[in-house]
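**Q** Sequential numbering from 422 applies to the sequence shown in our numbering. Cβ coordinates follow ideal geometry from the N, Cα and C atoms, glycine included.
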Amino acid sequence: MRSSEQQPARPRVPPGQVVTSKWPVLHYGLVPTVDLARWQFRLFGLV
């Protein structure tokens with residue numbers, strides 16, 4: 422039987438993962454230090 426009240430939906434996430442409202446961290450391990458004064462971003466080829 423179902424009740425007339427709607428129960429809140431549980432988030433469906435895989436085991437070991439959590440729902441977050443923060444920006445996700447997209448790296449694994451240590452984050453290297455980068456000298457921003459020397460850092461360059463180059464884009465070339467067919468863009």
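Could you compute how far the alpha carbon of Arg463 sits from the alpha carbon of Pro429?
**A** So the two alpha carbons sit approximately 48 Å from each other.
**Q** Compute the Euclidean distance between the alpha carbons of Val440 and Arg433, then round it to the nearest angstrom.
**A** The straight-line gap from Cα to Cα measures roughly 9 Å.
**Q** Do you know offhand how far Trp444's Cα is from Leu467's?
**A** Cα to Cα, Trp444 sits roughly 31 Å from Leu467.
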